[in-house]
Amino acid sequence: MKLPSLLITLLIATSLSAQTLFSYADKNVSANEYKKAFNKVYPAPVTDKAKKMRAYLDLYINSKLKIHEATIRGYDSLPGFVEEYTSLRNQVIENYMNDTESLNALVSEAFTRSQKDIKVQHIFIPYYSGVNYSDSAVVKLKIQEAYMELQSGKNFDDVALKYSADPSVTQNKGNLGYITVFSLPYQFENIIYKLAPGKFSAPFRSKSGYHIFKNLGERKAVGRIKVSQILIAVPPGSDSTAKKQLALLADSIYTRLQKGDDFGKLATAFSNDVVSSASNGSMPEFGLGTFDPAFEAVAFSLSKNGAISKPFLTNHGYHIIKRTSLTPPNTVKNKKNLDLIRSLVEKDGRVNVAKDKLYSKILAQTHYKQFNVDQAMLQMYIDSVMASKTPPPGNPVNKSTALFSVGVSTMIVNDLLTYSISNRYKTDGSGAKPFNELNEEFKRNSVMEYYRAHLEEYDEDFNMQMKELKDGNLFFDIMMKEVWSKAQSDTAGQKAFFEQNKIRYKWNYSADAVIFYCGDSTTAKSFRNLLVKDQSKWRSVLENFSDKITLDSSRFEITKIPGAQKATAKAGTITKIVKNKDDNSASFAL
771 MKLPSLLITL
781 LIATSLSAQT
791 LFSYADKNVS
801 ANEYKKAFNK
811 VYPAPVTDKA
821 KKMRAYLDLY
831 INSKLKIHEA
841 TIRGYDSLPG
851 FVEEYTSLRN
861 QVIENYMNDT
871 ESLNALVSEA
881 FTRSQKDIKV
891 QHIFIPYYSG
901 VNYSDSAVVK
911 LKIQEAYMEL
921 QSGKNFDDVA
931 LKYSADPSVT
941 QNKGNLGYIT
951 VFSLPYQFEN
961 IIYKLAPGKF
971 SAPFRSKSGY
981 HIFKNLGERK
991 AVGRIKVSQI
1001 LIAVPPGSDS
1011 TAKKQLALLA
1021 DSIYTRLQKG
1031 DDFGKLATAF
1041 SNDVVSSASN
1051 GSMPEFGLGT
1061 FDPAFEAVAF
1071 SLSKNGAISK
1081 PFLTNHGYHI
1091 IKRTSLTPPN
1101 TVKNKKNLDL
1111 IRSLVEKDGR
1121 VNVAKDKLYS
1131 KILAQTHYKQ
1141 FNVDQAMLQM
1151 YIDSVMASKT
1161 PPPGNPVNKS
1171 TALFSVGVST
1181 MIVNDLLTYS
1191 ISNRYKTDGS
1201 GAKPFNELNE
1211 EFKRNSVMEY
1221 YRAHLEEYDE
1231 DFNMQMKELK
1241 DGNLFFDIMM
1251 KEVWSKAQSD
1261 TAGQKAFFEQ
1271 NKIRYKWNYS
1281 ADAVIFYCGD
1291 STTAKSFRNL
1301 LVKDQSKWRS
1311 VLENFSDKIT
1321 LDSSRFEITK
1331 IPGAQKATAK
1341 AGTITKIVKN
1351 KDDNSASFAL
């Protein structure tokens, strides 16, 4: 590859600081920048660090020059490059669209709560038909009466039977059984886990009604269980004679099981649970809060794998269950277990807590400014236009009225109107959204989209990661065009050059190769395993290891390629990993 003449000044310092280490064209590379790059490749403590830093510097400078040349040639503006870079950015950016501190706090909280189960009792008074969330005086009065009776010492069972509208209250007196983390909506879980055993909560208002919870007792978490079941369903409205016949059928099946009949075959033949009976009665693994409390209580009471319960009745019918396996809760607060909890948090409604905190920070970071616009006049204008009517005369609001600014952008009424037309209806099909809800949605969406589009300006870590990905792609593209493809296609040029210079250049047995330098052997093993599955995707796989692996590509003598042997070397070979005992770094080649 022919490079322009560039001034390269090396300032190797005894201590790395913010000073310029080397410069090329109009760019300066600081010692700190180089140190960060070196530490990513060699994360573990290394021996003879100064020597390794000087050796790696040659590779680093070479890559910088190639990337600079690719930029000069406009590789970064080519449609294919822009499309791929945009796709990569969209993948990476999601990792930065949460408030890390808040998310970590939610993960830690969920892990702590996962260590115990709480038995819960519940009183629920819903809004009556025609009574909405903002007009619930009647419902509020009723829940206050229930709360006062509890405070006066009345039994929770009696108060639940008197006031609660839960359909099952006549059978369970509001007893929900045991719950654990993620069993209930986060807002309910928060209330329950803050209650001491034997205590009940103040009335809590949700979008469906009012709730009072009681902590009936706690125990060490039981974990998750997998069972098989035989269900003899009791149809609604069955009389006592029909129920008795079904109970006798369940008893006869249980007797056959006691004599050694196969559970799976009996489940297939008799169970009314269509889904599980198709799999010999096998049900997916579940935790507390998934099924009827009575069903879960029997399941978790089975003491060993293979244990079979006696027939028992729930609202669905008679069940016989067999324990398949029990997964105890994770009690060690290590990375593996926390990552599992994190994945559950990110799928749960509680993640909105972290998102709300991020949003508050973004408002400050982007210097969000709300302009003084009469909200009643704004609503009148939006409603008129959306109804295809002419806005009333004298309204100071028009489509060009500025609503707020975020960063260097200003959003106007026409932007809100466009958003409202596309998003006016609720996703559940229950009708149009109120103006205030639409307006707030538009504001939040606009702020978040601006932040997403300009994240490099607000998050230095994201900016550096995207720069590394961009540089890596530029390096690959220019090497592919100027080195690898020419080496494969320009056979005549290669032959002529060889004839002219064969006295000066005498190679031993050699090969074109890409050598991967990994900061540690674990990284090398993980990366190599992925390449073995599909080496054609090494470039995209490498992007996931960009902070731990660097590469060099050229033609090398076989003896210079880590792990290569002349006898076995051939195109497509992935060499064995070679470890450096001094610093645990490792390398291999493709």
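771 is the number of the first residue of the sequence shown in this note's numbering; add one for each residue after it.
Glycine residues also receive a C-beta, built at the ideal position from the N, C-alpha and C atoms.
Query raised in the report: Opposite LYS1349 in the DSSP bridges: which residues?
Result: For LYS1349, which the question treats as bridged, DSSP gives the partners ALA1356.
Report task. Since I believe ILE895 is in contact with TYR948 (beta carbons under 8 Å), could you give me their beta-carbon distance rounded to a whole number of angstroms? Result -> Not really, about 24 Å apart at Cβ, beyond 8 Å.
Requested in this report: Would you identify the three-state DSSP class for HIS1224, choosing helix, strand or coil?
Outcome: In the structure shown, HIS1224 adopts coil according to DSSP, grouped into three states.
Requested in this report: For the beta strand (DSSP E) holding GLU1327, just list the boundary residues, first then last.
Outcome: Run containing GLU1327: 1319-1327, per the beta strand (DSSP E) assignment.
Query raised in the report: Between the Cα of TRP1308 and the Cα atoms of SER800, ALA1283, THR1329, which residue gives the shortest distance?
Result: With distances taken between Cα atoms, TRP1308 lies closest to ALA1283.
Report task. Assign VAL909 to one of two classes, buried (16 or more other C-beta atoms within 10 Å of its C-beta) or exposed (fewer than that). Result -> With 16 or more other Cβ atoms within 10 Å, it is buried.
Query raised in the report: Who are the Cβ neighbours of ALA1202 in its own chain at under 6 Å, not counting the five residues just before and after it?
Result: Annotation for ALA1202: ARG1194, TYR1195 place their beta carbon closer than 6 Å to its own, counting only its chain and skipping 5 residues before and after.
Query raised in the report: Can you name, in chain order, every residue of its own chain whose Cβ lies under 6 Å from the Cβ of ASN1205, other than the five neighbours on each side?
Result: Looking at the sequence provided, one finds Phe at residue 1205 rather than Asn. Contacts found: GLN1149.
Query raised in the report: Taking C-alpha atoms, which residue in LEU1016, SER1192, TYR1088, LEU911 lies nearest to GLN999?
Result: Selected option, being the one with the closest Cα: TYR1088.
Requested in this report: Flag this pair as yes or no: are the beta carbons of GLN885 and LEU986 separated by less than 9 Å?
Outcome: No; because the gap between Cβ atoms is not below 9 Å, this pair is not in contact.
Query - Where ARG989 falls: helix, strand or coil (DSSP) - result: DSSP places ARG989 in strand when its eight states are reduced to three.
Query raised in the report: How about ALA840 and ASP1322: are their beta carbons less than 9 Å apart?
Result: The Cβ atoms of ALA840 and ASP1322 do not sit closer than 9 Å to each other.
Query raised in the report: By how many angstroms is the C-alpha of GLY979 removed from the C-alpha of VAL901?
Result: Residue placement at VAL901 cannot be trusted, given a pLDDT of 49 that sits under 50; the coordinates are not used to answer.
**Report entry** Assigned exposure category for GLN1235 - 16 Cβ within 10 Å defines buried
**Finding:** So GLN1235 ends up on the buried side.
Query raised in the report: Using a beta-carbon distance below 9 Å, is LYS1340 in contact with chain D?
Result: Among the chains in the structure shown there is no chain D, since it carries only a single protein chain.
**Report entry** Bounding residues of the beta strand (DSSP E) (the contiguous stretch that carries LYS889)
**Finding:** That run of the beta strand (DSSP E) goes 886-896.
Query raised in the report: Pairing CB atoms from the stretch 1063-1070 with CB atoms from the stretch 1002-1018, are three or more of them under 8 Å?
Result: Taking 8 Å as the limit for Cβ pairs, the verdict is that the stretch 1002-1018 does not touch the stretch 1063-1070.
Query raised in the report: Mapping DSSP to helix, strand and coil, what is MET1181?
Result: Residue state, collapsed to three classes: strand.
Requested in this report: Following the continuous alpha helix (DSSP H) through LEU1058, name the residue where it begins and the one where it ends.
Outcome: That residue, LEU1058, is in no alpha helix (DSSP H); it is neither H nor E in DSSP.
Query raised in the report: How long is the line joining the alpha carbons of PHE1232 and ASP1353, rounded to whole angstroms?
Result: If I take the Cα positions, the gap works out to 29 Å.
**Report entry** Per DSSP, cross-strand counterpart(s) of SER793
**Finding:** Beta bridge pairing from DSSP links SER793 with ASN798.
Query raised in the report: Using DSSP with H/G/I as helix, E/B as strand and the rest coil, what is ALA1334?
Result: Of the three classes helix, strand and coil, the one that applies to ALA1334 here is coil, per DSSP.
**Report entry** Which residues DSSP lists as bridging GLY769, in chain order
**Finding:** The structure shown does not extend to residue 769, since the chain spans only 771 to 1360, so no value can be given for it.
Query raised in the report: Does the stretch 1134-1152 touch the stretch 1096-1107, meaning 3 or more C-beta pairs lie closer than 8 Å?
Result: Under the Cβ criterion (8 Å, minimum of three pairs), the stretch 1096-1107 does not count as touching the stretch 1134-1152.
Query raised in the report: With a CB to CB cut of under 8 Å and the five nearest residues on each side skipped, what residues in its chain are close to SER1041?
Result: Cβ neighbours of SER1041 beyond the five flanking positions: GLN999, ILE1000, LEU1001, ILE1002, SER1047, GLY1051.
Query - Residue range of the unbroken alpha helix (DSSP H) whose run includes TYR933 - result: 926-933 is the extent of the alpha helix (DSSP H) around TYR933.
Query - DSSP beta-bridge partners of ILE1285 - result: Looking at the DSSP assignment, ILE1285 forms a beta bridge with ASP1322, ALA1359.
Query raised in the report: For ALA991, which residues from the same chain have a beta carbon less than 7 Å from its beta carbon, with the 5 sequence-adjacent residues on both sides left out?
Result: Excluding sequence positions up to five before and after ALA991, its CB lies within less than 7 Å of the CB of SER884, GLN885, LYS886, ASP887, THR950, PRO1099, all in the same chain and listed in chain order.
**Report entry** Exposed unless 16 or more other CB atoms sit within 10 angstroms - verdict on VAL1044
**Finding:** Label assigned to VAL1044: exposed.
Report task. Return the Cβ separation of ALA1359 and ILE1285 in integer angstroms, given the expectation that the two are a contact with Cβ distance under 8 Å. Result -> Their Cβ separation, rounded to whole angstroms, is 5 Å, which keeps ALA1359 and ILE1285 in contact under 8 Å.
Query raised in the report: Can you tell me the Cα-Cα spacing of GLN1305 and THR1343, whole angstroms?
Result: The C-alpha of GLN1305 lies about 9 Å from the C-alpha of THR1343.
Query raised in the report: Rounded C-beta distance between ASN810 and GLY1289? I'm assuming under 8 Å.
Result: Per the sequence shown, residue 810 should be read as Lys rather than Asn. GLY1289 and LYS810 do touch by the CB rule: their CB atoms are close to 7 Å apart, below 8 Å.
Query - Nearest candidate by alpha-carbon position, reference GLU871, set LEU1128, SER1355, VAL1311 - result: Comparing Cα-Cα distances from GLU871 to each of LEU1128, SER1355, VAL1311, the minimum goes to LEU1128.
Query - Identity of the residues DSSP links to ARG975 by a beta bridge - result: Paired residues: TYR980.
**Report entry** Neighbour-count burial assignment, SER1357, 16 or more Cβ in a 10 Å radius
**Finding:** Burial call: buried.
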